[in-house]
Structures are given as C-alpha cells and as structure tokens.
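In the working numbering, the protein residues as written are -18 to 576.
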C-alpha cells in the first residue's frame, strides 16, 4: 500500500472546545466574535458578551439536571442560538447531538432514541411537536426547550441558582478525550449511525488547520457567514475554528435571503458545497443570456478559466491579461459583489467541485479551496491551501495526517481527527477502522508525488457495463450539471450494454430560457421539446469529451420533476441518493435500454 504523511506541526490536543470562549473573553473582551441579524443590519456580539451568554445557558442546563456525558439534542436551522447552545453543552461536559431540521419524523425519533438524549433544544413549534411525538420511544428524554419560545432566556433564568464556582467546576472537569458530539450520518443506506467525535478530534483537526489556513483565519477583519447546516460537520468545524481565532461569524438561515445577507455582512471567506457554486455560475449565465449578454458572459467565463489555467503554466500572456482585466470590469466584479464584495477565498467540501468550476472561480478572483473529509474524520483530512492550490485535487493531507491507497484503490486515512467509533455499534466501527488504525473512506482515489489527492469515484458507485468496462459516474455527472439548465444528473449502466443518464432541469433557470423562446415554462411540458433536448445534448457531448468512447453517455432522458431532499432523492448535503433515485425511476431506466 502506498502512503504519504504530512508531519504534525502541533502538540497532542489538550483542553476542551469551550476553552477559547473564556480565553477570548479574558484577552479580547471587546472584540466582536459574532454578529446577529437585526432590524436594519447586524448587531455585534463581543467575546465577553458571548461568554456571559454561554455561561447563562450552561448554568440552566446544569439546573435542569444535565450531567457530564449526557446527550442533548439540538434541532434547528443555522442561527446564532445554535452556536450558543452548542458551546453551553460543551462547557459542562455534555454531548451535543445535532439533528438536521429537514430530518423526517422517523429519523428524529431514531436519533433521540439511539443517542439516549436526556434533553433537546428545538427551534420551532413544528420541531417541538415532532420531538414530543418521539417521547414514547425516547424514554430518557426529560426536557425540551424551544428557541422561538425563548429557550435561551428560560435556561438563563433557570440557571440563576447555580453558582459561578459550581459552573467553573463543571467546565474545568472537561477533558480533551471526552465525547463532544454524536453526529449521525445521513443514512443513504440503512439507519443513521452516530459518529463519536471527541474534543480531541476537533482540536487535532483545527490546531494545524488554522495555521496552514492563516490567510483565512488569522487576518485583520476576518469574517464568515455560515449558511450551511450546522448539524453537518463541515459548517461545525468552521464554527469552532472561528471561535478559536476570533473570526467574526454571522448566520443566515434562509437561502432565499442569502444574497442580501452576503451583501450586508460582507464576509472575507465563505464555505459551501459544490451545488451552490454550480448554482451561482448557472444563474449568472442564464441571466446574462436572458438579458442578451450571453456571448459576453460566455467569453468572460472562458477567459477566467484560461487565466486560471495559465497560473499553473507560468502565467498568462499579455493578451490574456488584457482580456481578463476587461472582463473583470464588465463581469467578474459583479459576480464578486453577489458574494458580498469582500470574499478573498471560498472553501468547498462534501462532493467534488470539478476542474472547470475551480478554474472559473479562481479566474474571477475567488479561489475555491477544495478539501476532503467525512463526518467520521471530523471534516477535512486534506485541503488545498491559498498559496498551494492544485485544481482538480482536494489538496494535501493536513499536518499530522497520513493518506494511503489500498490495493483496490480505496482511500484510507490515519490522524487524530478520526472519530472514536460509531455509537453502540462495534461491528460498524470494526468495518470502518481496521486493526492498524486506518479509516476506510469508501472513496477511490490517488495521490501524486507531492501528496495532492485526487478523488476518482465511490468504491460502491463504480458502474460495470455488460462488456466489463468500469465507469466512474461522477466524472460525467459533474460536467453535465455545469449546464445552466441542468439541475441534477445520474449516470446509469451497471450491467447494461452502454452508459446512459437521467437528467433533471433547474425549475428556476428554465423560466427565462423558455420565455425567450415562447415555450411553456413548466418542465413537464418541455421534457420532449427538441430545443431543450438539444441543449442537454451539448452538455452530454462536452462531458463525453472527458472520457473514453466506451465510458460515454449514449442515451439520456429528461425527467419532469427535479430531485430534492423532500423527495428523499438528495441527501442532507445535496448528494444523490442513488438507490432511492434508481428505485423511484426504474421504469425510466428500463426505457433507456428498451429496443
């Protein structure tokens, strides 16, 4: 097995995740560490005020009987109170059990029951009703507080009976090896499993990460706007890193208000998943074409990509620099303004970004630092760095991490951020972490002589055609989704004579395209439209150029409805749930191969 190790740059983890809260309050009490959405703008929260609020909620949890090691569920959208409650739970040695707000009632019931949660903090009456309905099975659940009904204030009042000395005793008793959180996997197959992640796991991840990513975390005025679900480890690790480094954090809970929030908050860096970057690109392209400026945008996009590619080959020519400068005034500046106008870097994870998008965003002046990790590895084990980007890779391992490639091509990792195991599931733990300490990711990949890692597919998602040809669907799907009219794509062909695809259309971008051509604007009326089929065919042709003829898509069908989280066809991180899509659209797949 091939291995590559990046030496550690920090000592073994010590302390707890809440320690920076009190350190910040002592050393920089007046520094704004958060900003809350308020009427007409944003209201800063100082380090001292945040520590005071965390203390109030933490004392309330103690007064309610929450003990060291007890699990407390947290079900809410991304908002300031999410972070506040998370730190309050940590500060008393309890364990946060985040639940996605989009989780089904059965998933919520399973998580509450399996984690043996003793209390829950929910956002809304609807969330509260679902949690209440689970009480019969969640026998240990005692208390439920609702954020919209004043949970923070209620807990703070309840905790007034707890002395500072009692709270300090609880806080200082928390050790790095203690369990910090149980994060349940999205459950693409079977019931979700709880990943046991300790304070040490988070610290092992972040101590080196904030050092190598100092251009994000250690600059004057650094700030970020969190809009991804904090129930996911990706947003959560950024939250913790920002608190450690006193980076100002804002929260945006409604994607409909995201552009406005970005414009008013003006973050210096953002984090997102590839689908959001795709939407930014596709929406801008579609708007430009609808406004009669499509040729200008297309030329600007190709120039941005070429300018980025030139950075990897000695630099741009004089002519390319001149074109790039022109389009910076005409196009790129407007795109940066959509992100708030101050973004220096973006961080992407959760799925492959794709070379073309990576070059496009670097070309417009917003380099995307693509990384790789899983819930089981407390987020990133590898990431591209601001001064060391190789687009198309997920970067090199973080300091202290070793990557290996097994004989079958599976990526394996060792490092301090690898979880303790799965909650109450020794068999699953043994299957994921072998006797030598390697975590088996389930992803296929490779690394070059410098340690830069490239993801090539999922071990269980490789398609094998009837002719025995192995095909990685992500290569094709990533490229097809770049077309402005395409929302999702799933490549099929396992055991079949050729490769085919199911394609869904973006219900937003189709409106302008259809209106311009005098066509119906609803997708079901357009699935057999010759012009739309031709548009998708161009996307398929471009994707096929990236693979061999045997791997190329021979046929496709356009579906009348998009895949969503609500239909259970997309996971909580917007990844395809292939087995669900296959089950729901088996007849469509069969039709592709009917003679």
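Backbone N, C-alpha and C fix where the C-beta goes; we use that ideal spot for every residue, glycine too.
Let me confirm a value: residue 395 is counted as buried when at least 16 other C-beta atoms fall within 10 Å, else exposed. Which label applies? buried
Quick one: residues in its chain with C-beta nearer than 8 Å to the C-beta of residue 65, no 5 flanking neighbours on either side, listed in chain order? 31, 34, 35, 38, 133
Do residue 537 and residue 482 have their C-beta atoms closer together than 7 Å? yes
How long is the line joining the alpha carbons of residue 299 and residue 286, rounded to whole angstroms? The C-alpha of residue 286 is placed about 16 Å away from the C-alpha of residue 299.
Quick one: grab the DSSP three-state call for residue 275. If DSSP states are grouped into helix, strand and coil, residue 275 belongs with the helices.
With a 10 Å radius around its C-beta and 16 neighbouring C-beta atoms as the bar for buried, classify residue 11 as buried or exposed. exposed
Residues sharing a beta bridge with residue 126, DSSP: 102
Can you name, in chain order, every residue of its own chain whose Cβ lies under 6 Å from the Cβ of residue 469, other than the five neighbours on each side? 485, 544
Counting only runs of 4+ residues fully inside the segment 264 to 308, write out the alpha helix (DSSP H) ranges in chain order. 275 to 292, 299 to 308
Could you tell me the boundaries of the alpha helix (DSSP H) in which residue 40 lies? Looking at the DSSP string, the run of the alpha helix (DSSP H) that includes residue 40 is 28 to 44.
In this structure, does DSSP put residue 359 in helix, strand or coil? coil
How would you write the range of the beta strand (DSSP E) that residue 326 sits in, first residue to last? 326 to 329
Spatial neighbours of residue 450 within its chain, please: CB distance less than 7 Å, with the 5 preceding and 5 following residues excluded, ordered by chain position. 531, 532
Less than 7 Å between C-beta atoms, sequence neighbours within five positions excluded: which residues of the same chain meet that for residue 577? Outside the shown range of the chain (-18 to 576) lies residue 577, about which nothing can therefore be said.
For the segment 90 to 110 against the segment 170 to 181, are there 3 or more C-beta pairs whose distance is under 8 Å? yes
Given this structure, state the Cα-to-Cα distance separating residue 423 from residue 507, to the nearest angstrom. Distance from the CA atom of residue 423 to the CA atom of residue 507, rounded to whole angstroms, is 38 Å.
Residue 282 versus 340, 228, 252, residue with shortest Cα-Cα distance: 340
My parser needs the alpha helix (DSSP H) runs of 4 or more residues fully inside the segment 427 to 488; what are they? 454 to 461
Closest by C-alpha distance to residue 13, when choosing among 1, 179, 227, 97: 227
Quick check on DSSP: helix, strand or coil for residue 547? coil
Output the distance between the C-alpha atoms of residue 43 and residue 130, rounded to the nearest integer angstrom. 20 Å
Below 8 Å, how does it come out for the segment 51 to 64 and the segment 94 to 104: are there three or more Cβ pairs, yes or no? yes
Name the one or two DSSP bridge partners that residue 65 has. Looking at the DSSP assignment, residue 65 forms no beta bridge with any residue, so it has no partner.
Range of the contiguous alpha helix (DSSP H) that encloses residue 163: Element bounds for residue 163: not the alpha helix (DSSP H) but the beta strand (DSSP E), 160 to 165.
Just to confirm my understanding: we take residue 124, look at its own chain, exclude 5 residues before and 5 after, and list those with CB closer than 6 Å. What are they? Excluding residues up to 5 positions away in sequence, 45, 100 lie with their Cβ nearer than 6 Å to the Cβ of residue 124 in the same chain.
Could you pull out every residue in the same chain whose Cβ sits closer than 7 Å to the Cβ of residue 304, ignoring the five residues on either side in sequence? 284
Rounded to a whole number of angstroms, what is the C-alpha to C-alpha distance between residue 334 and residue 463? 10 Å
Out of curiosity, what's the CA-to-CA distance linking residue 243 and residue 206? Taking the straight line from one Cα to the other gives about 7 Å.
Helix, strand or coil, according to DSSP, for residue 227 in the structure here? coil
Can you check DSSP and say which residues form a bridge with residue 539? 484
Quick check: residue 161 and residue 355, are their CB atoms within less than 7 Å of each other? No. Outside cutoff.
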